[in-house]
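Step one of this worksheet: look at the structure below.
There are 2 protein chains.
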Amino acid sequence: MARSTHTDRDFPQAGHDHAACIDEALAAAAEVCRLSGARLTELRRQVLLLIWDSHAPVGAYQLLDKLSRDGRTAAPPTIYRALDFLSGQGLIHRIESLNAYVGCRDPRRPHVGQFLICRECGTAAELEDAEIAGTVRARCADADFEMHHLTLEVLGRCPGCRRTGPGQADR
Amino acid sequence: MARSTHTDRDFPQAGHDHAACIDEALAAAAEVCRLSGARLTELRRQVLLLIWDSHAPVGAYQLLDKLSRDGRTAAPPTIYRALDFLSGQGLIHRIESLNAYVGCRDPRRPHVGQFLICRECGTAAELEDAEIAGTVRARCADADFEMHHLTLEVLGRCPGCRRTGPGQADR
DNA sequence: TCATGAATGCAACATTATAACATCGAAGAT
DNA sequence: ATCTTCGATGTTATAATGTTGCATTCATGA
């Protein structure tokens, strides 16, 4: 069966051009906020950048540490408000099974996130697969259940870590 | 499209015979533990019962309160150890998006849980749909990703709550 | 310039989960 | 029957994650 409409971007490779990811994320964020009339303040922009440090989900308190290291005073509400804003704009997703947050690769098109998350390197890839979403919707319809939000997270081992050998520790 | 092999039990109805659910859960638990050689102690049995108070996922500290009301002294590790044991035996599932725990309806057959969770009444229904699981596995294969664990949780509104009217508060 | 409301700073607190170590008790070995 | 052993439980403290409430600042439009 065809891969249907999932994103054309594959699992983030070790040596990819991450600066391009960051540039794209910032450009998309600016556009999304402009269209929605929301204010992408310096703080919010800064937090978004910190989240985009890598493709691995980051915890709220890790972000707090990073903010502090950047010289900004920050208490938990600071970061949680920024996270609320960013996720409200669809710029980031929360990974429920890790209590962590990751940048969205396609915020211009609203969608529910579907994630493959590597236990070894921490990297998360966003799937956004229409067939999965469709099947889940169909099952909800079967059950007469009104679907509001889907959480789909697969934990496992990414292509890169599989190549580097089998015996690594979890994280 | 056919419903494939998902469980024959539908969304738990308001007036169903819950005593039967409890009996079945206890019987299954006894059998599972007997087969695995694990010890279903009084404490663990008691916690399992408390979880089966309803089909709504319960938080660890709610369980602690219930245990205390039952006259048993209990600190957090008590409950978390029981939860670890029960989920290790496949007798309960953790709902990541709620930080809560719910009884498994078919512990004899190991599986990954897929849940429909009602925001209004809290009730969770376990799907265990082979088509969804198959599609997810296929996407992982496409991405050369080694799947270890799937978390699939749909938040929404259950048939019963839909019938009682549209304007209820979340929970 | 002023009024307004959103954004941020800040202190305290609530919730969820784990670590470390002591004690108890069931089950088999002697 | 008693001992030994190891898993299960008790207990205290603490870590990790998230929220409430209120004061202050700042951008924006009247």
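Protein chains in written order, with this note's numbering: chain F, 5 to 175; chain B, 5 to 175. Just so you know, even glycine gets a beta-carbon here, dropped at the ideal spot from N, CA and C.
For E150 of chain B, return the contacting residues in chain F, with the cut-off set at a CB-CB distance below 7 angstroms.
Listed along the chain, the chain F residues whose CB falls inside 7 angstroms of the CB of E150 of chain B are G160, R161 and R166.
So, helix, strand or coil for Q50 of chain B, using DSSP?
If DSSP states are grouped into helix, strand and coil, Q50 of chain B belongs with the helices.
To test your reading of the DSSP string, which unbroken beta strand (DSSP E) runs of 3 or more residues are found completely within the segment 79 to 161 of chain B?
Unbroken beta strand (DSSP E) runs of no fewer than 3 residues, entirely contained in the segment 79 to 161 of chain B, are found at 96 to 99, 104 to 107, 118 to 122, 128 to 130 and 150 to 161, following chain order.
If distances are taken between C-alpha atoms only, which option among F:G138, F:Q93, F:L54 and F:P61 comes closest to R43 of chain F?
Considering only F:G138, F:Q93, F:L54 and F:P61, the residue with the shortest C-alpha distance to R43 of chain F is F:Q93.
Roughly how many angstroms separate the alpha carbons of E46 of chain B and A142 of chain B, rounded to a whole number?
Looking at the two C-alpha atoms, the distance is approximately 42 angstroms.
On the criterion of 16 or more Cβ atoms from any shown chain inside 10 Å, does T155 of chain F qualify as buried, or is it exposed?
Per the 10 Å Cβ criterion, buried.
Just to confirm my understanding: we take S91 of chain B, look at its own chain, exclude 5 residues before and 5 after, and list those with CB closer than 8 angstroms. What are they?
Closer than 8 angstroms at the Cβ level, and outside the excluded window around S91 of chain B, lie H97, R98 and Y105.
Pairwise C-alpha distance: R38 of chain B and C122 of chain B
Rounded to whole angstroms, the gap between the alpha carbons of C122 of chain B and R38 of chain B is 34 angstroms.
Under 7 angstroms Cβ-Cβ, which residues of chain F neighbour S101 of chain B?
Below the 7 angstroms Cβ cutoff, chain F contributes E100 and T155 as neighbours of S101 of chain B, in chain order.
Residue range of the unbroken alpha helix (DSSP H) whose run includes D27 of chain B:
For D27 of chain B, the enclosing alpha helix (DSSP H) has its first and last residue at H22 to S40.
With burial defined as no fewer than 16 other Cβ atoms inside 10 Å of the residue's Cβ, what is the status of P163 of chain F: buried or exposed?
Buried is the call here.
Can the beta-carbon of A78 of chain F be found closer than 7 angstroms to that of L87 of chain F?
No, the pair does not count as a contact, with Cβ atoms beyond the cut-off.
Under DSSP, the alpha helix (DSSP H) around P163 of chain B begins and ends at which residues?
Looking at the DSSP string, the run of the alpha helix (DSSP H) that includes P163 of chain B is P163 to R167.
Indicate whether A60 of chain B and G126 of chain B have their beta-carbon atoms separated by less than 7 angstroms.
Yes; because the gap between Cβ atoms is below 7 angstroms, this pair is in contact.
Close-in-space but distant-in-sequence residues of the same chain around I83 of chain B (CB under 6 angstroms, 5 per side omitted)
Short of 6 angstroms from the beta carbon of I83 of chain B, and not among the five residues preceding or following it, lie these beta carbons of its own chain, in chain order: A64, L67 and L68.
What number of angstroms, rounded off, separates the C-alpha of E135 of chain B from the C-alpha of V158 of chain F?
Answer to the nearest angstrom: the Cα atoms are 16 angstroms apart.
Can you tell me whether T168 of chain F is buried or exposed? The criterion is at least 16 other CB atoms within 10 Å of its CB, across all chains shown.
So T168 of chain F ends up on the exposed side.
Anything in the segment 27 to 57 of chain F with a Cβ closer than 8 angstroms to a Cβ of chain B? List those residues in chain order, please.
Interface annotation for the segment 27 to 57 of chain F against chain B: empty, criterion Cβ-Cβ distance under 8 angstroms.
In terms of residues, what are the limits of the alpha helix (DSSP H) holding A64 of chain B?
Counting along the chain, the alpha helix (DSSP H) containing A64 of chain B begins and ends at A64 to R73.
Residues in its own chain within less than 6 angstroms of H20 of chain B by CB, not counting five upstream and five downstream?
Nothing meets the Cβ criterion.
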